[in-house]
Amino acid sequence: MKYLNIALVIFFISPALSNEVFRLKKITDLNNPWSLTFINKKEVLVSDKEGKIQLIDIKSGFKQTVQHNLNYKVDGQGGLLEILKNKDDIFICYTEERNSRKTSTSIAKAKFSRKKLNFKNIFQANPPISSGYHFGCRMVIQDNKYLFASAGERGGGNIAQDVTKHPGSIIRINLDGSSPEDNPKYKGKSEWLSEIYQIGIRNPQGMTLSPLNNKVYISNHGARGGDFFGEVKFGENYGWKIWCWGGQNYNLTKCGETQKWDRRFTKTLFTWTPSIAISAVQIYKGLEFPEWNNHILVTSLKDQTLRKLKFLSNSKIGDEKILFKNKIGRIRDIKIGPKGKIYLLSNGNSALWELSKK
31 MKYLNIALVI FFISPALSNE VFRLKKITDL NNPWSLTFIN KKEVLVSDKE
81 GKIQLIDIKS GFKQTVQHNL NYKVDGQGGL LEILKNKDDI FICYTEERNS
131 RKTSTSIAKA KFSRKKLNFK NIFQANPPIS SGYHFGCRMV IQDNKYLFAS
181 AGERGGGNIA QDVTKHPGSI IRINLDGSSP EDNPKYKGKS EWLSEIYQIG
231 IRNPQGMTLS PLNNKVYISN HGARGGDFFG EVKFGENYGW KIWCWGGQNY
281 NLTKCGETQK WDRRFTKTLF TWTPSIAISA VQIYKGLEFP EWNNHILVTS
331 LKDQTLRKLK FLSNSKIGDE KILFKNKIGR IRDIKIGPKG KIYLLSNGNS
381 ALWELSKK
């Protein structure tokens with residue numbers, strides 16, 4: 031197995047390149063991987079957008095295909111997306127083929143098996159839409175009780191302001207798919223769909239549960255600018271597409287109805303303009319890099335970077351450093367292993383990687 035040691039030297043740019051030295055090891059090649067989840071200390075499940083689920087030994091790189099019964103569709107940015115283990119259950123967020131060639135961001139659940147995962151749907155984002163864009167599809171589980179997931183706005187812009195439709199929202203459901211009785215609908219927002227927890231988002235491709243305060247945070251992929259990191263908050267509105275977090279449309283025209291943030295909307299904690307094409311995010315806690323505890327690790331697609339941001343105690347973000355750039359391609363996912371090593375999935379140069387101390 032080949033090791034690639036990366037030592038990056040600080041240059042006078044903003045943000046600065048880190049001078050930290052670490053080891054980046056390719057575990058195995060893959061085909062357009064999207065998400066990984068640990069099954070135990072030695073194995074991960076990896077989903078790829080094209081429809082395959084594989085069980086991988088992180089030491090040897092040995093791969094075993096796990097069969098499944100999902101009615102998925104590879105549709106533009108859609109396919110098999112986030113996969114997540116909780117106790118003996120596997121949750122997957124995927125692009126489901128519905129009717130009249132329309133698709134939805136859907137979530138299914140199965141008991142873990144090494145041979146075949148027999149999934150049953152527990153959530154479908156409605157209405158189904160004829161679009162291959164912006165599925166969101168990141169998930170976390172809080173307190174072994176609630177599942178949070180992002181439902182992207184499917185390119186529909188202001189649909190994210192429609193509380194009677196799921197696209198463009200953060201949903202919160204019980205692990206059986208039912209709606210918690212303390213969701214916004216039952217606490218003063220009767221017009222909201224029962225699963226919706228927060229509205230006004232575009233395409234959150236990252237979500238993490240903080241080991242520091244047990245809060246849920248997202249990384250949202252903006253338009254041409256306006257990528258952000260922010261907290262998921264009960265009954266609030268991030269503003270898309272009235273407010274575009276400082277970005278603009280891809281045709282360079284103004285984005286949104288206002289160019290300034292106002293109090294109607296949840297305030298972001300950190301914004302990237304121009305866009306880095308932000309993807310997955312994790313808040314680090316581990317033994318491998320103790321100096322990184324309380325830091326946010328952010329992956330990017332277009333920018334092909336792994337970034338580290340200091341998470342201050344007052345929920346504000348401090349210094350940003352680029353750990354590496356243009357080394358493994360577009361970085362789709364990041365997870366922290368049981369011993370604190372960091373595991374990455376890359377697209378283009380599709381592979382599973384391990385980041386550790388040198």
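Just so it is clear: in the sequence shown, position 85 is 115 by the working numbering, and no numbers are missing. All C-beta atoms in this analysis are idealised placements derived from N, C-alpha and C, irrespective of residue type, glycine included.
Residue i, buried or exposed, once every other Cβ within 10 Å from all chains shown has been counted against 16
i: Val51; result: exposed
i: Arg293; result: exposed
i: Ser220; result: exposed
i: Ser90; result: exposed
i: Gly286; result: buried
i: Thr288; result: exposed
i: Thr296; result: buried
i: Ser48; result: buried
i: Tyr268; result: buried
i: Gly218; result: exposed
i: Pro197; result: buried
i: Ser343; result: exposed
i: Asp333; result: buried
i: Tyr227; result: buried
i: Phe264; result: exposed
i: Lys290; result: exposed
i: Asp349; result: exposed
i: Phe92; result: exposed
i: Ser180; result: buried
i: Glu266; result: buried
i: Ser330; result: buried
i: Asn394; result: Any answer about residue 394 is impossible in this case: the structure gives the chain only from 31 up to 388.
i: Thr335; result: buried
i: Pro320; result: exposed
i: Leu60; result: buried
Cutoff 7 Å; reference residue i; Cβ partners in own chain excluding five residues on either side
i: Asn148; result: Asn99 and Ala140
i: Glu318; result: Lys369, Gly370, Lys371, Ser386 and Lys387
i: Gly367; result: Phe68 and Tyr373
i: Pro241; result: Ile313 and Lys315
i: Arg131; result: Ser160
Cβ-Cβ distance between residue i and residue j below 7 Å
i: Pro158; j: Thr133; result: yes
i: Leu66; j: Asp363; result: yes
i: Ser305; j: Gly255; result: yes
i: Ile347; j: Thr238; result: no
i: Ile361; j: Ser376; result: yes
i: Val170; j: Val76; result: no
i: Gly277; j: Gly252; result: yes
i: Thr224; j: Ile308; result: Just to set this straight, residue 224 is Ser in the shown sequence, not Thr. No.
i: His393; j: Lys340; result: Residue numbering for the chain in the displayed model covers 31 to 388; residue 393 lies beyond these limits and cannot be assessed.
i: Thr298; j: Phe258; result: yes
i: Phe182; j: Gly166; result: Residue identity differs from the one stated: residue 182 is Gly in this sequence, not Phe. Their beta carbons are under 7 Å apart, which means Gly182 touches Gly166 by this criterion.
i: Tyr102; j: Leu110; result: yes
i: Lys82; j: Asn62; result: no
i: Glu164; j: Gly187; result: First, the residue type needs correcting, since residue 164 is His and not Glu in the sequence shown. Not in contact: His164 and Gly187 (Cβ atoms no closer than 7 Å).
i: Lys338; j: Ala46; result: no
i: Trp273; j: Thr301; result: no
i: Ser136; j: Gln107; result: no
Start and end residues, beta strand (DSSP E) containing residue i
i: Leu382; result: Ala381 to Lys387
i: Trp302; result: Phe300 to Trp302
i: Ile231; result: Element bounds for Ile231: n/a, residue is neither H nor E.
i: Ala140; result: Thr133 to Lys141
i: Gln154; result: Lys150 to Gln154
i: Phe399; result: Past the boundaries of the shown model lies residue 399; the chain is included only from 31 to 388, so the question cannot be answered.
i: Leu336; result: Thr335 to Phe341
i: Pro63; result: Pro63 to Phe68
i: Gly162; result: From DSSP, Gly162 is part of no beta strand (DSSP E); its letter is neither H nor E.
i: Ser249; result: Val246 to Asn250
i: Leu375; result: Ile372 to Asn377
i: Lys365; result: Arg360 to Ile366
i: Gly348; result: Ile347 to Lys355
i: Glu221; result: Taken as a continuous stretch (DSSP letters only), Glu221 belongs to no beta strand (DSSP E), as it is neither H nor E.
Sequence-distant residues of its chain with Cβ nearer than 8 Å to residue i (five each side left out)
i: Arg144; result: Leu85, Gln94 and Val96
i: Ala138; result: Leu100, Phe121, Ile122, Tyr124, Phe149, Lys150, Asn151 and Ile152
i: Tyr176; result: Arg202, Ile203, Asn204, Leu205 and Pro210
i: Trp383; result: Leu54, Lys55, Lys56, Ile57, Ile358, Tyr373, Leu374, Leu375 and Ser376
i: Lys72; result: Asp87, Ile88 and Lys89
i: Asp119; result: Lys139, Ala140, Lys141, Phe142 and Leu205
i: Ser345; result: Glu261 and Leu299
i: Ile231; result: Gly166, Ser180, Gly182, Glu183, Ala190, Gly198, Ser199, Ile200, Ile248, Asn250, Tyr268 and Trp270
Residues near residue i by beta carbon distance below 6 Å, same chain, minus five either side
i: Arg68; result: What sits at residue 68 in the sequence shown is Phe, not Arg. Excluding positions up to five away in sequence, the list reads Val74.
i: Leu114; result: Thr67, Phe121 and Met169
i: Asp105; result: Thr125, Thr133 and Gly162
i: Arg128; result: Ser134 and Pro158
i: Asn174; result: none
Chain D within 7 Å of residue i, Cβ atoms only
i: Ser249; result: Going by chain labels, chain D is absent from the structure shown, which holds only one protein chain.
- Item | beta strand (DSSP E) segments (min. 3 residues) lying fully within the region 71-124 | 73-78, 83-87, 93-98 and 110-116
- Hey, which unbroken runs of the beta strand (DSSP E) at 3 residues or more fall wholly within the region 171-214? 176-181 and 199-204
- 3-residue-minimum beta strand (DSSP E) runs that sit fully inside the region 282-332, ordered along the chain: 300-302, 308-313 and 325-330
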